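Residue numbers for the sequence shown, in mature numbering (1 follows the signal peptide of the UniProt record, and there is no 0): -25 to -1, 1 to 544.
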Amino acid sequence: MIASNAITIFHLVIGIAFFERASLAAYDGCLLRKSLNDCPCALMESYDFIIIGGGTAGSVIASRLSEIQIWNVLLLEAGEHESFQSRIPFFPQLLEKTRMDWNYTTTRQTRTCQSVGGYCSYPRGRVLGGSSAINYMVHMRGLRADFDRWEARGNPGWAFESIHRYFHKAEKFIPYDRHGRGFESGGYLPVNENEPSWLTPFFTSALGEFGLLRTDLNEGTGGGYMPMQVNILNGARVSGYDAYVRPIQERPNLHILTSALVTKILFENGTAVGVEFEKDEELYKIQATKEVVLSAGTINSPQILMLSGIGPVDHLRQTGITIVRDSPVGLSLQDHIGLMAFFRLDKVAPGRGQDAIASFKEYLTNRRGVLTSPFGGLVVALVNSSYSSLDHPDMQFHLGVGENQDICYINGFVSRPKSRGILTLRSSNPKDPPMIDPNYLSSKHDTSIMKEVVDFIFRITMSNSMRELGTKYMAHFHPKCENASEYTSCLIKRYGQPFFHPVATCKMGPGTDPYAVVDPQLRVHGIQRLRVADASVMPHIPSTNINAATAMIAEKASDLIKDEHLGPG
């Protein structure tokens, strides 16, 4: 019966995917016809706004700008639509190195990722929904002190009290009143708590042994723990595109074009006037009469700026690119670095564990169970290292369960790294991936906190609560460290890994900031009618996951654009 059901489901999925891809291909072909008389949705020669990138930020901005019926909006995305597999929350790792992933790796790192030769995998979404279509769906806003720091460094209007309402505007809590603050929210992005497992109370009890209290970490103050909040609805992933654009994609003033690789932004006398992109090996040029909005993400936004002639002048000259403006693009890359460890649960009571087939059947039948959790995540905790203040924790941990529910994992990362990396072009060819050097653990401060991260992971599993389960470290996941004189240092150097939260390559700041690419209104310094709005503008990395803050930035950017062209209100 199970095999028969699996075959039926397989054929259904293939049929849905074929129909979806065929209909979307027809839509894209329609857009590219030369005349509006041939097709009512034909690509026009000019738009009021051209948005580059259909990830979380681009989706938010496309939705909000197209609310103004007199504006024509074009959304360009290098990838295609999401696959059916991306809907199942448990398997984000299986989406890496697929057609939905840019499949980047870092340059060689010397202080971590040594088990893979120093070349850390660096998945980034190449799909409508961007990285929100392949990520772990964790919804963490960041801490009040994170955003207050943004404003203190010369970005008025970006303190927590100023941007708090944009989180509310983006979020829709399910159930609507679960956290109280839901009554203030009317957004598109679903947020709910992961379904608890039998293991959840053991995790929370263990964290309580270290003095951590349950609290709503998304209120922005202090540490503690809470059930993981995720962007999931009815057991399925909701990407930024799903939330913001799919419901309104038929708006006549919004055109969406996939498989469109932007090769450069076009300028006249220091003003952005349009975009050049490639589709099906043909080049197209489209004019923007009001603004070009670059929302291609922390890796691709700086790449496109530099390909267009905006970047460090010496680097552009070396690459043979005509210079439009000298700008510190790519010079302040920041990311979270951490470790994941797995533990066997030798004393799991009968009936608590569940085999993979049963988990899959439960998901298909009821949209419930462990497969509704991204990689089985259950609890998130913010913890102070010996270097942080009580209201600004600098370590984050995720605690989760395996598919069969007889193993668990704990991962953690350095929340506010001081290390700074750099992103540069490999060549002037838009199809060549950029060179990503996060320069992990170049700061001794980060290395010290990283050791505390690893130490806390093992302390959790040695708590009274977790020892009841017979917790045993699965050391075979981290071979070649068994005989190391410095075991923690070996783990960090060989198995430390990125947590894929890159920011700050198009840093926001005043003109006096030597690393600032955009101003506090997200306008590129020295360029007219060009704005960047995505995670790349964050001046300092938040203490948590970044997708929620990216949606917040895009909501605020949409209002900034409307205010400039329509007037406040």
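The beta-carbon is built from N, C-alpha and C at its ideal position, and this holds for glycine as well.
From a predicted model like this one, the values you see are computed outputs, not experimental measurements.
For Ile424, same chain residues with a beta-carbon under 7 Å away, outside a window of 5 residues either side, are Ser360, Tyr362, Asp369, Met370 and Val389 in chain order.
When Lys265, Asp123 and Ser394 are compared, the shortest CA-CA separation from Leu308 is found for Ser394.
Phe177 is the residue among Phe177, Gly161 and Ala32 whose C-alpha sits nearest the C-alpha of Val354. Under the three-pair Cβ rule at 8 Å, the stretch 288 to 306 does not count as touching the stretch 78 to 94. Per DSSP, the beta-bridge partners of Gln262 are Ser21 and Gly249. Counting along the chain, no beta strand (DSSP E) covers Gly215; the unbroken alpha helix (DSSP H) around it starts and ends at Gly215 to Tyr219. For the pair Ile467 and Leu291, the CB atoms are not nearer than the 9 Å cut-off. Here Arg319 has Ile382, Lys447 and Met449 as same chain residues with Cβ atoms under 6 Å from its own Cβ, once five neighbours each way along the sequence are excluded. Taken through DSSP and simplified to helix, strand or coil, His500 comes out as coil. In summary, Thr519 is buried, with 16 or more beta-carbon neighbours lying within 10 Å of its beta-carbon over all protein chains present. Contiguous beta strand (DSSP E) elements confined to the stretch 412 to 459 occur at 446 to 448, taking only those with 3 or more residues.
Rounded to whole angstroms, the separation of the alpha carbons of Leu182 and Glu170 is 19 Å. Counting of Cβ neighbours within 10 angstroms places Asn404 among the exposed residues, the total staying below 16. Annotation for Ala331: no beta strand (DSSP E) segment contains it, though the alpha helix (DSSP H) segment containing it runs Ala331 to Asn341. Spatial neighbours of Ser61 in its own chain (CB-CB distance under 7 Å, excluding positions within 5 residues in sequence) are listed in chain order as Leu70, Met75, Ala108, Ile109 and Arg212. Straight across, the Cα-Cα distance linking Lys336 with Gly375 is about 20 Å.
Under the three-pair Cβ rule at 8 Å, the stretch 47 to 59 counts as touching the stretch 234 to 242. Distance between Ile36 and Arg101, taken at the CA atoms: about 18 Å.
Burial state of Arg504 is buried, judged by a 10 Å Cβ sphere holding 16 or more other Cβ atoms. Its chain contains Arg116 and Met527 as the residues whose beta carbon lies nearer than 6 Å to that of Phe142, once the 5 sequence neighbours on both sides are disregarded; these appear in chain order. DSSP places Arg62 in no beta strand (DSSP E); its state is neither H nor E. The continuous stretches of alpha helix (DSSP H) do not include Arg101, and DSSP gives it neither H nor E.
With a 10 Å radius around the Cβ and a threshold of 16 neighbouring Cβ atoms, Ser38 comes out buried. With respect to the C-alpha of Ala510, the residue from Pro165, Val492, Leu208 and His476 having the closest C-alpha is His476. Comparing alpha carbon positions, the residue from Asp191, Ile536, Tyr163 and Ser21 closest to Asp217 is Tyr163. Distance from the CA of Ala479 to the CA of Arg442, rounded to the nearest whole angstrom, comes to 41 Å.
The way I'd put it, the stretch 192 to 210 does touch the stretch 341 to 358; three or more beta-carbon pairs between them come closer than 8 Å.
The C-alpha of Leu103 lies about 11 Å from the C-alpha of Ala32. Residues Arg300 of the same chain have their beta carbon placed closer than 6 Å to that of Gly501, with the five preceding and five following residues left out of the count. Pro454 and Asn386 have their alpha carbons spaced roughly 17 Å apart. It is roughly 21 Å from the alpha-carbon of Gly396 to the alpha-carbon of Val428.
Inclusion of Ala523 and Ile432 in the CB contact set at 9 Å is not warranted, their separation being larger than that value. Leaving aside the five residues that flank Trp133 on each side, the residues in its chain whose CB is nearer than 7 Å to its CB run, in chain order, Phe122, Trp125, Glu126 and Pro495.
For Phe474, the secondary structure class from DSSP, reduced to helix, strand or coil, is coil.
Apart from sequence neighbours up to five positions away, the residues of its chain that approach Gly210 with a beta-carbon distance below 6 Å are Arg342 and Thr347, ordered along the chain. Per DSSP, Thr238 is not a residue of any alpha helix (DSSP H); the beta strand (DSSP E) it occupies stretches across Leu236 to Glu243.
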